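What follows is one structure encoded as C-alpha cells, with my remarks underneath.
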Amino acid sequence: MSTASPASAAHGEGAPVPATALASGPLNGRVRVPGDKSVSHRALIFGLFADGVTEITGLLEGEDVLNTAKACAALGARVERLGEGHWRVAGVGPRGLSAPDAVLDFGNSGTGVRLMMGAVAGQPVRATFDGDASLRRRPMRRVLDPLRQMGVEVVAEAEGGRLPLTLKGSVAPTALTYETPVPSAQVKSAVLLAGIGAPGSTVVIEREATRDHTERMLAHFGAQVSVEPHGPHGRRVTLEGGARLKGAPVAVPADPSSAAFPLVAALLVPGSDVILTDVMMNPFRTGLITTLKEMGADIATLAERSEGGESVADLRVRHSRLKGVEVPAHRAPSMIDEYPVLAVAAAFAEGETVMRGLAELRVKESDRLAAVADGLGVCGIPHRVKGDDLIVTGSASVRGGGPVKTHMDHRIAMAFLVLGLAAKEGVSVDDVSFIATSFPSFLPMMRALGAEILA
12 MSTASPASAA
22 HGEGAPVPAT
32 ALASGPLNGR
42 VRVPGDKSVS
52 HRALIFGLFA
62 DGVTEITGLL
72 EGEDVLNTAK
82 ACAALGARVE
92 RLGEGHWRVA
102 GVGPRGLSAP
112 DAVLDFGNSG
122 TGVRLMMGAV
132 AGQPVRATFD
142 GDASLRRRPM
152 RRVLDPLRQM
162 GVEVVAEAEG
172 GRLPLTLKGS
182 VAPTALTYET
192 PVPSAQVKSA
202 VLLAGIGAPG
212 STVVIEREAT
222 RDHTERMLAH
232 FGAQVSVEPH
242 GPHGRRVTLE
252 GGARLKGAPV
262 AVPADPSSAA
272 FPLVAALLVP
282 GSDVILTDVM
292 MNPFRTGLIT
302 TLKEMGADIA
312 TLAERSEGGE
322 SVADLRVRHS
332 RLKGVEVPAH
342 RAPSMIDEYP
352 VLAVAAAFAE
362 GETVMRGLAE
372 LRVKESDRLA
382 AVADGLGVCG
392 IPHRVKGDDL
402 IVTGSASVRG
412 GGPVKTHMDH
422 RIAMAFLVLG
432 LAAKEGVSVD
442 DVSFIATSFP
452 SFLPMMRALG
462 AEILA
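My numbering numbers the first residue of the sequence shown as 12 and each following residue consecutively.
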C-alpha cells in the first residue's frame with residue numbers, strides 16, 4: 012500500500028503530550044474540518060469488497076482511518092494515496108479477500124475493527140485483530156454474537172471477548188434476522204457486511220435508529236437494500252445477499268463530530284463568528300445541532316446541498332447565551348460522540364441541562380460518562396450522574412482548571428480544551444497525542460481561528 016500520509020504517528024506509544032487552553036479572544040474565520048470518519052472507514056471497506064476501482068476524495072487522514080486502509084491492503088486490495096485526502100482502492104470483489112500475513116492492527120478505532128470483523132466474517136479467510144491498550148479494553152462480544160450465528164468461528168479471543176482475537180470467516184455465511192440489543196451502528200454495519208455474501212435476506216432491526224451510512228453506501232455500490240420504520244424510533248434494514256458491488260466514487264463530507272468542537276467554541280467565546288464549510292447534515296448525525304439550537308445557539312445553515320448521497324451545508328456560528336434543556340434518550344444515537352462537548356456547552360448554559368440515556372458512553376474509547384464527569388469536577392462545574400443520565404448545572408462564569416485526565420480519548424481532550432477557551436483560568440489536559448486518531452489538524456485549525464492553546 013502506498014500511503015505517504017502526514018498523519019503517521021504511532022498510536023499511544025510515545026510520551027503523553029499535555030496542553031493548556033487559555034481564555035481567548037473572539038474566534039473568527041472560515042474553516043473546513045477533516046472528512047467524516049464514519050464515511051471514510053466505510054468508503055475504504057466497500058472499495059475492498061467491490062469489483063473495480065473506488066476513488067475517494069476528502070478522506071480523513073487520521074490514524075484510525077489509515078489503519079483501516081492498511082487492513083484493506085493486507086486483505087488484498089490495492090490502496091493508493093494520490094494526494095491530500097485523495098485515495099484509490101482497487102477492490103477484490105465479494106469473495107476475493109486474501110488471508111493477511113500479519114495481525115490487523117486498528118490502533119484506537121472501534122469502528123474500523125468492528126466493521127472489518129463483519130467484512131471478514133462472510134469470507135473464507137482467517138485474520139487476527141488487535142489494537143492499542145484502549146481498544147483492547149473495549150467490548151467485542153456485541154459484534155461476535157451475531158457473527159457467530161452467521162457462521163464465523165472465533166478461533167481465539169482475550170478474556171471477556173476482547174482483543175486480540177482471531178476469526179475464521181465462513182465459506183457459506185448464513186443470512187440472519189437480528190435485533191440489536193443496544194443502538195449501535197457498528198454492530199448493524201458488521202452484520203450487513205457479513206450478509207453481503209450470504210444467500211437470502213439479512214435483516215437488522217433497531218429499536219433506536221442509528222447512523223445510516225452503511226445502508227446509503229450499500230445502495231451507492233449497487234446492493235439491494237431497503238429500510239422500513241420499526242416502532243416509534245426504530246428501523247428495519249433488509250439486505251439482499253449475493254450482490255456484486257461495483258466500485259464507485261465517494262466524496263467524503265466534513266465530519267459533524269469534528270465540527271462540533273470549533274462550533275461549540277464559537278458559541279462559548281464572546282465575540283466569535285465562525286463559518287464551518289461542507290458539514291454533513293445527515294439527519295442521523297445532527298442531534299447536537301438540534302440540541303444546541305434548543306439551548307438558544309445562533310447556528311445558521313447556509314447553502315445546503317447534496318454531495319455523494321449525503322446532505323451537506325455551511326454553518327455560520329456566533330457567540331450565544333445558552334439555556335439548559337432536557338436531551339431525550341432517543342436522540343443519543345444521532346449525537347453519541349458529541350456528548351463530551353455538549354457537556355462543555357452545558358457548563359456555560361443558564362440552569363440545568365439533563366442528558367438522558369448515556370449508557371453507550373461507558374464503552375467508548377474510555378468510560379466517557381465517567382471521564383466527562385471527572386473533568387467537570389476538576390473544572391469546578393456542578394454536575395451529577397444519575398444512572399445513565401448526566402445533569403450539568405451551568406453558569407455564565409466557569410472557573411476551569413485541570414489537569415483533566417483524558418484516558419487516551421481524543422474527544423475528551425478536545426472537549427476540555429474547548430472549555431478552557433471560555434473559562435476564567437483556562438483548562439489543562441494531560442495528553443493531546445490521541446487527537447491525531449480523528450482530527451490531526453485540530454490544534455493548528457483552532458489556533459488559526461484565534462484560540463490560545465499551548466502544547
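For glycine and all other residues, C-beta sits at the position ideal for the given N, C-alpha and C. Since the structure is predicted, the reported quantities are computational estimates derived from the model, not experimental observations.
Identify whether residue i lies in helix, strand or coil by the three-state DSSP scheme.
| i | result |
| --- | --- |
| LYS257 | strand |
| GLU226 | helix |
| LEU203 | helix |
| SER109 | coil |
| ILE392 | coil |
| ALA32 | strand |
| SER120 | coil |
| PRO135 | coil |
| ASN293 | coil |
| PRO414 | strand |
| LEU71 | coil |
| PRO194 | coil |
| GLY386 | helix |
| ARG125 | helix |
Going along the chain, which residues of its own chain have a beta-carbon closer than 8 Å to the beta-carbon of residue i, five neighbours each way excluded?
| i | result |
| --- | --- |
| VAL114 | THR139, PHE140, ASP141, PRO175 |
| ALA382 | PRO351, LYS416, THR417, HIS418, ASP420, ILE423 |
Report the partner residues of residue i according to the DSSP bridge assignment.
| i | result |
| --- | --- |
| ASP441 | Paired residues: none, contrary to the question. |
| LYS397 | ASP400 |
| VAL100 | THR65, VAL90 |
| ILE300 | Note: ILE300 sits in no beta bridge, so no partner. |
For the beta strand (DSSP E) that residue i lies in, which residues bound it at each end?
| i | result |
| --- | --- |
| GLU376 | Per DSSP, GLU376 belongs to no beta strand (DSSP E) and is neither H nor E. |
| VAL165 | 164–169 |
| LYS179 | 173–179 |
| HIS52 | It is not in any beta strand (DSSP E) - HIS52 instead sits in the alpha helix (DSSP H) that spans 48–60. |
| ARG458 | It is not in any beta strand (DSSP E) - ARG458 instead sits in the alpha helix (DSSP H) that spans 453–460. |
| THR221 | Segment: none, THR221 is in no beta strand (DSSP E) and carries neither H nor E. |
| ALA311 | 309–318 |
| SER145 | It is not in any beta strand (DSSP E) - SER145 instead sits in the alpha helix (DSSP H) that spans 144–147. |
| ALA324 | 321–329 |
Sorted by chain position, which residues of the same chain lie with C-beta nearer than 6 Å to residue i's C-beta, five sequence neighbours on each side aside?
| i | result |
| --- | --- |
| ILE347 | GLU371 |
| ALA343 | GLY368 |
| LEU6 | Residue 6 lies beyond the residue range present for the chain, which begins at 12 and ends at 466; the question has no answer from this structure. |
| LEU108 | LEU86, GLY87, GLN134, VAL136 |
| LEU430 | VAL355, VAL438 |
| HIS22 | Low per-residue confidence applies at HIS22: pLDDT is 41, beneath 50, and the placement is therefore not dependable, though the value from the model is reported in the following sentence. So the qualifying residues of the chain are GLU74, GLY118, ASN119, ASP143. |
Please tell me whether residue i has its Cβ less than 8 Å away from any Cβ of chain B.
| i | result |
| --- | --- |
| LEU401 | Any reference to chain B falls outside this structure, which holds one protein chain only. |
What does a CB cutoff of less than 7 Å around residue i pick up in its chain, not counting 5 residues either side in sequence?
| i | result |
| --- | --- |
| LEU158 | MET128, GLY129, ALA132, ALA201, ALA205 |
| SER51 | LEU70, LEU71, VAL76, VAL263 |
| ILE300 | ILE310 |
| ASP399 | GLY368, LEU369, ALA370 |
| SER195 | ARG153, THR221 |
Taking the alpha helix (DSSP H) that residue i falls in, what are its first and last residues?
| i | result |
| --- | --- |
| LEU155 | 152–160 |
| ASP75 | 74–85 |
| LEU428 | 421–433 |
Please confirm if the segment 152–169 is in contact with the segment 216–226, defined as three or more CB-CB distances below 8 Å between the two stretches. Short answer: they don't touch.
Is it a yes or a no for the segment 237–245 touching the segment 263–276, going by three-plus beta-carbon pairs under 8 Å? Flag = no, the segment 237–245 and the segment 263–276 do not touch.
Three or more C-beta pairs under 8 Å: does that hold for the segment 285–294 against the segment 321–334? Segment contact: the segment 285–294 against the segment 321–334, three or more CB-CB distances shorter than 8 Å; contact assigned.
Should the segment 41–48 be called in touch with the segment 247–256, which here means at least 3 C-beta pairs below 8 Å? The segment 41–48, when compared against the segment 247–256, does not touch it at the 8 Å Cβ threshold.
Segment contact flag, the segment 184–198 with the segment 25–38, C-beta cutoff 8 Å, min 3 pairs: Too few Cβ pairs lie closer than 8 Å, so no.
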